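Using the working numbering, the first residue of the sequence shown is number 252, and each one after it goes up by one.
Positions of the beta carbon are idealized from the N, C-alpha and C atoms, including for glycine.
Here the structure is a predicted model, which is why all the values come from computation and not from measurement.
Following: one structure in structure tokens, then a few remarks.
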Amino acid sequence: MKAKVDQDVCIGCALCTEICPEVFRMENDKSIVYVDIVPKEVEDACREAADKCPVSCIFIRE
Ligand code: SF4
């Protein structure tokens, strides 16, 4: 599974980094995905972050 943040849409609320710090971190007031492949054990947290992102700018590819 892979994840991606649309930098143009992210509002920098940092919610995804709180829900799934293993995948997302803040950089220059935007969230970035810093892993190539989402580790199996945090896939659910990563999906939750995507679901809860207020501007729906996290995209998951299974
Ligand atoms: S939850 Fe969405 S808007 Fe908030 S920092 Fe993460 S990607 Fe950006």
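Tell me the residue span of the beta strand (DSSP E) that contains residue i.
{"i": "Lys291", "result": "Run containing Lys291: none; DSSP gives neither H nor E here."}
{"i": "Glu313", "result": "Taken as a continuous stretch (DSSP letters only), Glu313 belongs to no beta strand (DSSP E), as it is neither H nor E."}
Does the distance from the CB of residue i to the CB of residue j come in under 7 angstroms?
{"i": "Val306", "j": "Val260", "result": "yes"}
{"i": "Met252", "j": "Glu299", "result": "no"}
{"i": "Cys304", "j": "Cys271", "result": "no"}
If you measure from the CB of residue i, is any heavy atom of the ligand SF4 nearer than 6 angstroms?
{"i": "Cys271", "result": "no"}
{"i": "Val274", "result": "no"}
{"i": "Cys297", "result": "no"}
{"i": "Ala265", "result": "yes"}
{"i": "Ile283", "result": "no"}
What span of residues does the alpha helix (DSSP H) with residue i cover, start to end?
{"i": "Glu273", "result": "It is not in any alpha helix (DSSP H) - Glu273 carries neither H nor E in the DSSP assignment."}
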